[in-house]
Structure formats: C-alpha cells, structure tokens
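I have placed the structure first, in the form of structure tokens, so that the comments after it can refer back to it.
In this note's numbering, the protein residues as written are 2 to 266.
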C-alpha cells in the first residue's frame with residue numbers, strides 16, 4: 002500500500018466532529034489542534050457523504066439549537082487527504098480530495114449544532130463493506146437486554162484474561178480491516194491476544210459487566226451500526242482499568258442480522 006486515505010479535522014474556538022457516511026470518526030476541541038484518522042473501512046466506491054458538525058451534542062443526545070456569536074477567531078476545517086505512506090497527513094504534502102470549511106466572520110451569529118455536508122466521488126476501488134448492507138435497526142432501545150447479555154460474555158472473557166471471546170466476536174472486523182489496509186490478518190489477531198494477556202498479567206482486568214440500564218446503543222449510519230457506549234456516551238461499553246492507573250477500552254460497533262449481533266467495526 003503506497004497511499005493512505007485519511008480525514009484531517011482542525012478546529013479552534015469550537016468543538017467539531019467529522020462524519021463519513023453517517024459514522025462519526027473524529028472530534029476536535031476548542032483548543033487549536035488537529036485530529037487525523039485513517040478511513041478505509043468506512044469508505045465506499047463512488048459517492049461518499051462527508052459531514053462537518055460544529056458544536057455537536059454529546060453522543061446519543063439530540064442537542065438543542067443555540068446561537069453562537071463569532072469573534073472572528075472561531076473556525077473548523079475538514080479535509081479528505083491522500084498522503085503517501087510515511088508522509089505527514091497535511092495539505093502541503095498530500096493530495097486533497099475534498100474540503101469543508103467553517104469560518105464565520107466576526108459579529109455573525111450561527112445556529113449550532115450546525116452540519117455542513119459534501120458528497121465526494123472517490124477514485125479508489127474499495128470493497129463493499131458488510132456494514133453498508135446491514136439492516137437498519139429501527140429502535141435500538143428494544144435490543145438493550147440482548148446486547149447487554151452479548152457484551153457480558155465478552156467482558157467475562159476479559160476478566161479471566163481470555164481474549165478468545167472477543168477475538169471470535171470480532172472476526173468479521175478483523176477480516177475487513179486486514180483487507181482495507183492490506184495487513185496480515187493473523188498479525189492483527191495476535192496483537193489483540195498479546196495485548197489482553199500482557200495487561201492481565203500486570204493486573205487482572207476488571208471490565209464492568211454491561212447491564213441493560215447502564216448501556217447506550219448509539220445508532221450510526223442510519224441504524225446499520227450500533228455503537229456500544231457507557232450511559233454518558235464518553236467511553237466504549239467494554240473497558241477496564243489497567244496497571245499504572247490508566248484505562249484500556251475496546252470500541253465495538255455492532256450489526257444486527259436475523260436477531261444476532263456481529264462486531265463489524
């Protein structure tokens with residue numbers, strides 16, 4: 002692989018979120034800075050829906066409209082870049098395939114959250130990823146008990162230092178990520194196994210057991226994916242403190258097909 006397709010999100014004075022095909026992929030805060038993420042596994046051949054959201058609400062919340070007065074210093078930009086592998090993902094040394102900018106002049110009042118959208122035709126042939134054909138879930142709340150039970154099995158494995166339940170659950174994700182980035186599938190699986198075993202050897206992992214009343218299923222991509230989060234939306238539902246005072250988390254985005262859960266992303 003010579004090139005890597007990435008999103009670069011810059012913001013100052015506001016919180017900004019980058020979305021691709023209905024999936025939030027990056028957030029940046031009001032302090033000037035940039036976030037860069039690879040996006041192959043969320044990209045489609047042909048038309049792609051790129052969105053820049055200004056002052057997005059917390060995950061899972063609608064967000065009430067509010068006026069925002071610009072001081073001339075607030076702004077955000079979202080770029081779809083195609084740098085060469087090993088090069089910095091920056092507009093100066095990468096091909097820009099799409100760009101969305103938000104920079105209201107001083108004194109202008111904007112209503113936020115605000116969404117700017119652009120349709121992008123990509124000259125890259127990606128496979129048709131499984132998540133795109135997953136059936137939309139009309140009411141994720143109905144599935145909370147079943148999803149909690151499913152996640153409990155994964156959490157129990159981690160609490161025992163056993164990565165296999167998570168490895169088996171995420172098989173489709175591993176397969177597609179290996180294809181998306183031309184990586185070796187066995188290497189990716191091996192890294193997860195080693196990660197879990199090493200952390201557990203330092204101090205037993207203690208993931209909270211997911212419960213239906215302490216779980217958020219955030220619908221993404223029109224309900225085709227359900228992101229498993231803590232009730233406040235700030236953490237993946239599957240997480241654990243680790244030795245040294247840090248925390249490790251395993252983000253999970255599920256598809257529901259014929260009543261069964263699949264970790265697709």
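Don't be surprised by glycine CBs; every beta carbon is placed ideally from N, CA and C. Just so it is clear, the structure is predicted and the values come from calculations on it, not from any experiment.
Residue i versus residue j - alpha carbon distance
| i | j | result |
| --- | --- | --- |
| residue 201 | residue 99 | 43 Å |
| residue 104 | residue 77 | 7 Å |
| residue 80 | residue 87 | 18 Å |
| residue 66 | residue 17 | 15 Å |
| residue 30 | residue 256 | 30 Å |
| residue 117 | residue 123 | 19 Å |
| residue 183 | residue 125 | 14 Å |
| residue 151 | residue 238 | 12 Å |
| residue 146 | residue 212 | 7 Å |
| residue 181 | residue 41 | 6 Å |
| residue 12 | residue 97 | 18 Å |
| residue 165 | residue 195 | 11 Å |
| residue 32 | residue 113 | 18 Å |
| residue 243 | residue 158 | 16 Å |
| residue 205 | residue 261 | 30 Å |
| residue 254 | residue 27 | 15 Å |
| residue 221 | residue 162 | 30 Å |
| residue 153 | residue 58 | 28 Å |
| residue 14 | residue 63 | 21 Å |
| residue 216 | residue 129 | 30 Å |
| residue 228 | residue 101 | 26 Å |
| residue 171 | residue 92 | 34 Å |
| residue 68 | residue 75 | 14 Å |
| residue 247 | residue 197 | 14 Å |
| residue 203 | residue 108 | 55 Å |
| residue 231 | residue 186 | 29 Å |
| residue 251 | residue 240 | 6 Å |
| residue 95 | residue 39 | 14 Å |
Limits of the unbroken alpha helix (DSSP H) element including residue i
| i | result |
| --- | --- |
| residue 264 | Taken as a continuous stretch (DSSP letters only), residue 264 belongs to no alpha helix (DSSP H), being part of the beta strand (DSSP E) at 261-264. |
| residue 146 | 145-160 |
| residue 20 | Not the alpha helix (DSSP H): residue 20 falls in the beta strand (DSSP E), residues 17-21. |
| residue 174 | 172-181 |
Whole-number beta carbon distance between residue j and residue i, since they are thought to touch under 8 Å
| i | j | result |
| --- | --- | --- |
| residue 218 | residue 144 | 6 Å |
| residue 267 | residue 44 | The requested residue 267 does not occur in the structure, where the chain is confined to residues 2 to 266. |
| residue 61 | residue 223 | Not confirmed; about 16 Å, so no contact. |
| residue 139 | residue 258 | No, residue 139 and residue 258 are not in contact; Cβ-Cβ is about 14 Å, not under 8 Å. |
| residue 3 | residue 85 | 6 Å |
| residue 167 | residue 193 | 7 Å |
| residue 148 | residue 210 | Actually they are not in contact, since the Cβ atoms of residue 148 and residue 210 sit about 13 Å apart, beyond 8 Å. |
Contacting residues, own chain, Cβ-Cβ under 7 Å from residue i (five flanking each side not counted)
| i | result |
| --- | --- |
| residue 174 | 264, 265, 266 |
| residue 70 | 110 |
| residue 106 | 71, 73 |
| residue 9 | 35, 37, 80, 82, 90 |
Span of the beta strand (DSSP E) around residue i
| i | result |
| --- | --- |
| residue 242 | 240-242 |
| residue 248 | 248-250 |
| residue 26 | 24-29 |
| residue 34 | 34-39 |
| residue 197 | Note, residue 197: premise wrong, no beta strand (DSSP E); alpha helix (DSSP H) at 186-203. |
Beta-bridge pairing of residue i - partner residues as DSSP gives them
| i | result |
| --- | --- |
| residue 79 | 10, 101 |
| residue 112 | 68 |
| residue 228 | 219, 254 |
| residue 48 | 122 |
| residue 55 | 17, 115 |
| residue 96 | 83 |
| residue 237 | 230 |
| residue 4 | 85 |
Residues near residue i in its chain [Cβ-Cβ closer than 6 Å; skip 5 each side]
| i | result |
| --- | --- |
| residue 52 | 20, 116, 118 |
Any non-hydrogen atom of the ligand FAD closer than 7 Å to residue i Cβ
| i | result |
| --- | --- |
| residue 168 | The ligand FAD is not part of this structure, which contains no ligands at all. |
Own chain residues within Cβ distance below 8 Å of residue i, not counting five before or after
| i | result |
| --- | --- |
| residue 267 | Only positions 2 to 266 of the chain appear in the structure, and residue 267 is not among them; the question remains open. |
| residue 49 | 21, 22, 120, 121, 122, 123 |
| residue 226 | 24, 132, 135, 220, 254, 255, 256, 265, 266 |
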